[in-house]
Structure formats: C-alpha cells, structure tokens
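Quick mapping for you: the protein sequence lines, in order, are chains A and B. Going from the first sequence to the working numbering is simple: count from 1 and add 2. Going from the second sequence to the working numbering is simple: count from 1 and add 2. Accompanying notes for the structure given below.
2 protein chains.
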Amino acid sequence: MADHSAVRGCMVIKPYGFAIWENMRDQLDRMFKDTGHVNASFPLFIPKSFLSREAKHVDGFAKECAVVTHHRLMNNPDGEGIVVDPTAKLEEELIVRPTSETIIWNTYKDWIQSYRDLPLLINQWANVVRWEMKTRLFLRTAEFHWQEGHTAHATSQEAVDETLQMLNVYATFAEEYMAMPVIKGVKTPNERFAGAEDTYTIEALMQDAKALQAGTSHFLGQNFAKAFEVKFLNENNKEEFVWATSWGVSTRLIGGLIMTHSDDEGLVLPPKLAPTQVMIIPIPKPDDIINEAVDKVMALLKAKGISVKYDDDPKKRPGFKFAEHEMHGIPVRIAIGKRDLEKNVVEVARRDTKEKTSVPMEGIDDYVEQLLVDIQQNLFDRAKKYRDEHITKVDSLEEFKSVLKDKGGFISAHWDGTTETELKIKEMTKATIRCIPLDNPKEDGKCILTGNPSTQRVLFAKAY
Amino acid sequence: MADHSAVRGCMVIKPYGFAIWENMRDQLDRMFKDTGHVNASFPLFIPKSFLSREAKHVDGFAKECAVVTHHRLMNNPDGEGIVVDPTAKLEEELIVRPTSETIIWNTYKDWIQSYRDLPLLINQWANVVRWEMKTRLFLRTAEFHWQEGHTAHATSQEAVDETLQMLNVYATFAEEYMAMPVIKGVKTPNERFAGAEDTYTIEALMQDAKALQAGTSHFLGQNFAKAFEVKFLNENNKEEFVWATSWGVSTRLIGGLIMTHSDDEGLVLPPKLAPTQVMIIPIPKPDDIINEAVDKVMALLKAKGISVKYDDDPKKRPGFKFAEHEMHGIPVRIAIGKRDLEKNVVEVARRDTKEKTSVPMEGIDDYVEQLLVDIQQNLFDRAKKYRDEHITKVDSLEEFKSVLKDKGGFISAHWDGTTETELKIKEMTKATIRCIPLDNPKEDGKCILTGNPSTQRVLFAKAY
C-alpha cells in the first residue's frame, strides 16, 4: 500500500494503495460536484507573511513546516556535488502550504466584489506538508494528499449551513462507501482548527479501540475575510466582510479504511471502494475449458458494472493466489475448476466472512451482485457493532481510567466545559475530547475531574 | 482561466480552466490505463544529493529550483511577525521536485529484484516546480501540474517500444481530443532531456506561428538504473541494469489549446474537452412555455451523453449571454424563443464558424450530436490547414531569416548535424530545431549555415 521514502516523513503510495485512493477521491469528487462545488488550483507556496495575518492561524500552522529560502543550486566550488547558491536567497521565505486558507483568501479578495459573486464554492485536490516529528504511514506523514474546500458566503447562516452540509457529505461517504461508522460532532474550543469559529468532525473507531478524526468541516466566520480584507457590497449596497468555511479529508482515510476492516490475513476492502471486486482463479491452472467458462463469467459480471480480474498466471498455485488476493482484500473470489464445471457450478468465497459457497453458473451475475451488496452491509454492521460496544458511559475519574486502560474506545463522560479541565485530563490519561456529538442529549451531571456542574456528556478517547 | 498569484511565477487555475484540465487529465488517464499503466504517488521533495547522482541530469535540473532549508518558523523575538527558526536547519537540503526520475529510481531499487518484477508501468499526476525567470500563464510557470510516467523494463527494445507507444498516445490525444495537429519527432542531442538517450516530442504550431513543445517521451537507457544501482536478475540468473523511460505532458497543454483555436471573441473549445458542450438560452427570458421546451431538449441531449446547461438568469439579456458563452468557447448554443417554438424550431449556433441554423425540435438530439462531431473535425482541419501552410522549405540562410521574420512557422532546412551549428543558428535567429520528424524522408542537401553535407531536413521554429 505504501512505503517510507528516502525523505523523512514522506511516503510513497504504491499502485494498489493509490488505486483505492483514486476510488475514494472520485466518489468524493462526485459528491462535491453534486452539491454545487467546482475544483480549482492554488499555489503550493505561501509567502511567510501571509501566515501571520490571521492571529490564531499563525499559532496553529506557522510552526513545523517546510521553508523554502533559496531558488538556486550550483556546483560546489570547493569540491564535489552541488550546494545552495548563497546569492539566490529569496526576499521573503516561502512556506510549502500546510493548508491554504491564507493564499486562497488573498485570491478571493480579487474575485469578490458584490453579493452577485457569492457564494464561491471551490474545492482543491492537493498535497500539503506539515513537518510532523512522529510519522506513521497514511495517518501522520509530512506530506499528504487531501482535498480542501474553501467557500465564501454572503451570510453567516449560509456558511454554517455549508459547514454542516459538508460534514454530512463526509459522514455519508465514510458510512456508505468506506463502511466505517462515524460520530458527527463539534470540537471543543481547544481542539478547534486554528482560525475557526467552530470545527465539526467525524470521528471513527479503529479496531484497536483508538479513535480517528476522519474529516473536519470548519465555520470560519469572518476571520479570514478580515485578515485579507475581503469585503462585498450586499444587496443594500453596504460593505460587509465575507463569511467563510473550509473542510477537508485526506489520505489518512486510507489508514482508517485499513484499521477498520483488516484481519489477520490482511486487508478487507468494502466492495464500493475495491479496485478489483472479484478475482477469478482457475483450479488448478488455466486451460481451454476453464478459460471459456471464465470468459463467460467475466462478461456477465462486467455487464453489471462489476470490476473483475482473472489471475491466470500458470506459475503460481491456487493456494498462493488465494492468500495473495486475501491479503489485498478483494471482496469476492471465484474459483473455477473442471470438476465443478461438469456440475455447472463454481466456488464463490467472500473475503469478509471467508464463507465458501457452490453457486450455479446460471445466474452467477445476480448472485455476485447481491453478494457485493451484502458484504458492504456486513462490513458496516460489523464495524458499527464494535464501535457501539466501545462507547462506555462513566461517572468517575477512576472508572474513566480503568475503562481507558482495559477496554479503550469512546468514553462518554461529563465535563465542566473548561479548557483547563480538558487539558488536565489529557495530561493524566492521554485521552482527548474527540467531540460533542451533534445529537447529544442534554443531561445534568458532574464533571468527572472537578465535580463542577455539566449539562451534557462528551466523548473522550485516545486518538491517532 | 488562470490568474497570477501572490507567489512569483505561480498561477491560480480558476474553476473553468481547471474543468478543462480535468477533462484532459481524465482522458489521458484512461489512455494510460488502457495501455497497462497504473498510478502511484512519490514524494514532493528530493534530497539534494540525489540530483547529482546522474551526471547529465544534474546540469539540466539542479539549477533553478525551490530549495527547502529549514523546517520550522517561530515568533520573531525582536519584533512582529514570524521568522525562520535558525535551529531548525535541515541536515540535507530538500529540493521541490522539478521532475521525479531520481526519487523514483531510488524507490524502484527496492521494488525490482528479478525479471518477474518487470515491467513496472507507473504514472504519477503531480505538481512540480522549476524556478523560471520569465513566466507566462500555462506555458511557463514556476509551479505546474503534469503527469510523469516512469517505466522500468528488462530490455532496451521494450523500453524503446514503450517510449514510442507513449509518444503515439500523446499524439492521438492532441489530435483527436484537442484537435491540435502535431508533428512527431526526435530531439537533437542538444535539446534532449537531461539524462536521456533519446527524447521524442510532439510539436504543435500556435496561431501566432510559434511552435509549442506539447509533450515529450524519453528513452533513458540504463542511465538512472546505473546512477541508483537498480539491477535485476534476468531469466538466465544474470544481473543486469534495468532499462527506463519517462514521459510527460503538463498544464502547458491548456495554453496550447487556447492558442490553437481561440479567436477575437475568446476561447474556442473542441467539443470532446469542453466542460459544457451545449448552452441553452431563453429568448428573451425564461417562462413556462420556454422552460418546458428546454426541459425536453435537455433530457434528449443528456440521454446522448451530451453535457448541456441552461442559462436561465432572468437579470441578463440574451446578447450578454451570447457574448459570455462565446468567450468561454462553448461549442454549441441553442436559443429558444416563443416565436420559434410556434414553428416547432430552435436556433442552433456553432462557436467555430458562428453559423446559425433553424433546426426542428424533432430530432434536435441527433442534429446536435452530429454537429459536435463536425465541430471537432472542423477545428482539427482548420488548425491542420494553418499548420501545413506554415511549414516552409528553405535552402539558404537568407531565405531562412526572411521566412522566419515574415511568415514564421516551421522551417524545413538542411542542417549538418552538429550542436555547434544548431547553437549558432539559434544565436543568430532565436529559432531552434524543434525536431527531426519521425517520418522524415532522406534527402541529400547542404547545411544552410555551413554548407556541409546533410542527409535530411529538420524542422526549425521559434518556440514558446
């Protein structure tokens, strides 16, 4: 799926991993376009001074980043190799974008004059760089791929609606395509995106009972419009600052996909995102009779829009192929052997449960089509059951610690609403407040740390 | 289509320009996959030392580039804003990739052990940075988007075949999708990619009679395999260096598209790449009767896979809309008015010739479908006629200079085959050898500069 590269913290996404990302990206892109968004492309570099324009943003993003200081190399006058040309120093350093609010709002300034120019509903697929000290493939890398939506609106309400709409798009994608159940919620002020008024999140639970922030959608208020002086004339001909949102998901989702469904034999892919949905394997190896049956099955499946491949490598044995395709998480395997063909049946195995069934050739396409639907649903149900079993209500700090230690998962507990308490709990337990769920019931209680009154439970967890 | 940005030499590609690029990218991607290639992703950064590994490559690429020297910013201890943290200096500088041969071949080293691992047929869609001093939107920008294919093969012949296959894919794409005729050829040693054994090119001619290098495909021999020690065990269990190709086209193609077809009213887009192929405009403004007819026409066109939009903005007048959509190069405009509807006809205008025709509602879908084919063909024919009229044979330096000055275009002339002569002609005239066409007839002649014997004509031009 991915390798570490020669460059610290940067990964190489191998073809199979990238094919999964392409499927995720294409589906998300369709959902963005269906909700009225268009794509554009903004510069990789951000002038250093831009980062300090928005006061909170600078603290969150202007620290660990890649800084371009020179624009030329030259042959080493003192020996071998090449060195930086000291005369080619940039007047102002450029930062490789860690996120693009600043450069985009600096551009929107030229694009927005009146309410007629609004809303702007723009997304960009891009690579970004954050100089992470501890990296982990897909989950936390210095460079990663993502999409970042940046929208501009005439009213606060419209921007809030957009923020929630995109949160819902992310949740739908996670649940219906990745088969990964998520909790929609809002972040505490301490966990907000630097420069946001509100940060919404979808939080998933991995199989090791740790949480994963899988996507965020930010209501930015007028903060960036003020920082970059982006005003518009409203319908009454009065100048106002523009309202903003931004929202993003990244290649981190590939990590989420892996850690939600994998088992001891390897990857388990939900059919809707699998680059290959069905793999056909000849038993024990290809020959004319088997190939003819395979052609027929492949044509039937392709006609249904199912992606299918035939592993006809004569040098590898079926057992080796079974293991290899299981490792790749291919949802359905069809083994076709001559003895089965005499009975006009083939053997169909599903990756999620490893069940094998003898299925008549007649109607194999309908069978597989339904099986893919069943697997998609089963993966979601299985993950949701695990996730639901790992939301634990606790009412004391001792209980909190012991659940965190022995069971993990989300812990639903009362919190007094202060950043001070949040940070103390984090320091004591490494658990953070993942979110305040959107559908949270109001309930009077006492903060597990301070005993101060609380009106609702929030979700804590150890997170990636 | 695009704007300059706050960052020197970097452009913002606006949504409409990016939608065209998405269509180009998607079509190219299909063609790459149809020829057996897969996508992957390699790091944005290249360790400085990698660039010096391949001796010729370093001269060509290690000069004007973006150099990352630090990984942290901090609050300015002496005042406002943020400054580079001097303690966060990288041990080895990182270069923002100007092209990825080095980092990719360093990766292939781990991926290739035996002939069974070959060929590797990998492509990446990426942004790259070359610190150009003189920039021009789409044609020459510091950052640009491109794809770079990097393949690895067991034999020289296979790599050469791949190089030519991809050249042909590019030529097919340019001619059949962009409606931009190209000449396939090979570059002179002086114009070769740094590190290549042979560079093949497709060369187009813009309407100002200047040439545009629209895509290149390189046979890299074993140069990068040797530089990065990439060997494989062949079928006889002997170690050999791997053979390589690389090939790329970029957002420069958008510039080529614009400069091949535009006219005084703006862009003219070939139907196969137009984000919107048909725009419907109500005359003079939308009402129930017109809307009903529009719904019918749109449904018919969509059923044919034609992308169609309805500009029902009641605040803008038809003339304004006509001009706007002409500027955007939308291939077909359908004006629907009540008086026409009484006669059961609509007015269809084609962007390329500006002809308007009254067309019966009955069969409008077939009519438009054929019209889009005709426009695509007409754009190609028109561009090819212009290009063919601008290939001029000359046999003396005086004639060369006068054609270059008065007519421009490609000049077909004898050249003695030396880099010295090539550079002298360039110095005198600013014209370069664009290529030696692949289908070049052999013909004895004398070099226009030195009078030395020559066996074939080559194509000179002033180029972007």
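All residues carry an ideal CB built from backbone N, CA and C; glycine is no exception. Here the structure is a predicted model, which means the values were calculated and not measured.
- One alpha carbon belongs to K16 of chain A, the other to I185 of chain A, and they sit about 30 Å apart.
- Between V14 of chain A and S43 of chain B, the C-beta gap is smaller than 8 Å, which places the two residues in contact.
- Each residue's CA atom was taken as its position, placing D383 of chain A and H263 of chain A some 11 Å apart.
- Contact annotation: the region 3-10 of chain B does not touch the region 446-457 of chain A, with fewer than three C-beta pairs closer than 8 Å.
- Between N125 of chain B and G151 of chain B, the C-beta gap is smaller than 8 Å, which places the two residues in contact.
- Rounded to the nearest whole angstrom, the C-alpha separation of D315 of chain B and D368 of chain B is 27 Å.
- The criterion of a C-beta distance shorter than 8 Å is not satisfied by I427 of chain B and L461 of chain B.
- Secondary structure at S7 of chain A: coil, using DSSP grouped into helix, strand and coil.
- Secondary structure within the region 101-138 of chain B: the beta strand (DSSP E) runs of 3 or more consecutive residues, fully enclosed, are 122-131 (chain order).
- Leaving aside the five residues that flank V171 of chain A on each side, the residues in its chain whose CB is nearer than 6 Å to its CB run, in chain order, M33.
- Sequence-ordered contacts of the region 27-57 of chain B with chain A read V40, N41, A42, S43, F44, P45, L46, F47, P49, K50, S51, L53, S54 [C-beta pairs closer than 7 Å].
- For V60 of chain A, the nearest CB of chain B lies under 8 Å from its own CB, placing it at the interface with that chain.
- At a beta-carbon threshold of 8 Å, the residues of chain B lying near I105 of chain A are S7, A8, V9, ordered along the chain.
- With a cut-off of 8 Å on Cβ pairs, the region 153-160 of chain A is in contact with the region 237-253 of chain A, counting three or more such pairs.
- Under the criterion of beta carbons closer than 8 Å, F175 of chain B and Q29 of chain B qualify as touching, at roughly 7 Å.
- Per the DSSP secondary-structure output, I15 of chain A pairs in a beta bridge with A:A4, B:S43.
- The beta-bridge partner set that DSSP reports for F63 of chain A is empty.
- Bounds of the alpha helix (DSSP H) holding K50 of chain B are 50-53.
- Straight-line spacing of the CA atoms in E349 of chain B and I292 of chain B works out to 13 Å.
- Per DSSP, the beta bridge partners of Q149 of chain B are B:W127, B:V251.
- V188 of chain A: not part of any alpha helix (DSSP H); member of the beta strand (DSSP E) spanning 185-188, first to last residue.
- Under the Cβ criterion of 8 Å, C437 of chain A is not counted among the residues facing chain B.
- Closer than 7 Å at the C-beta level to chain A, one finds these residues of the region 69-92 of chain B: V69, V70, T71, H72, H73, R74, L75, G83, I84, V86.
- In the three-state DSSP reduction, Q458 of chain B falls in the coil class, being neither helix nor strand.
- Looking at the backbone, the Cα of K395 of chain B and that of S414 of chain B are separated by about 5 Å.
- Shown here, D31 of chain A sits in a helix according to DSSP, grouped into three states.
- Residue pairing by DSSP places L96 of chain A opposite A:P49, A:V70 in a beta bridge.
- Residue pairing by DSSP places I336 of chain B opposite B:I282, B:V350 in a beta bridge.
- Within the DSSP bridge table, the entry for D200 of chain A names A:F221 as partners.
- When CB distances to chain B are screened at a threshold of 8 Å, not a single residue of the region 289-319 of chain A falls below it.
- Take the alpha-carbon of K358 of chain B and the one of V299 of chain B: they are about 18 Å apart.
- Separation of E242 of chain B and G187 of chain B (C-alpha to C-alpha, rounded to the nearest whole angstrom) is 30 Å.
- From the beta-carbon of C67 of chain B, the residues of chain A found nearer than 8 Å are H73, R74, L75.
- Secondary structure at D265 of chain A: strand, using DSSP grouped into helix, strand and coil.
- DSSP places R142 of chain B within a strand segment (E or B) once states are collapsed to three.
- If you draw a straight line from the Cα of D418 of chain B to the Cα of A198 of chain B, it comes to about 22 Å.
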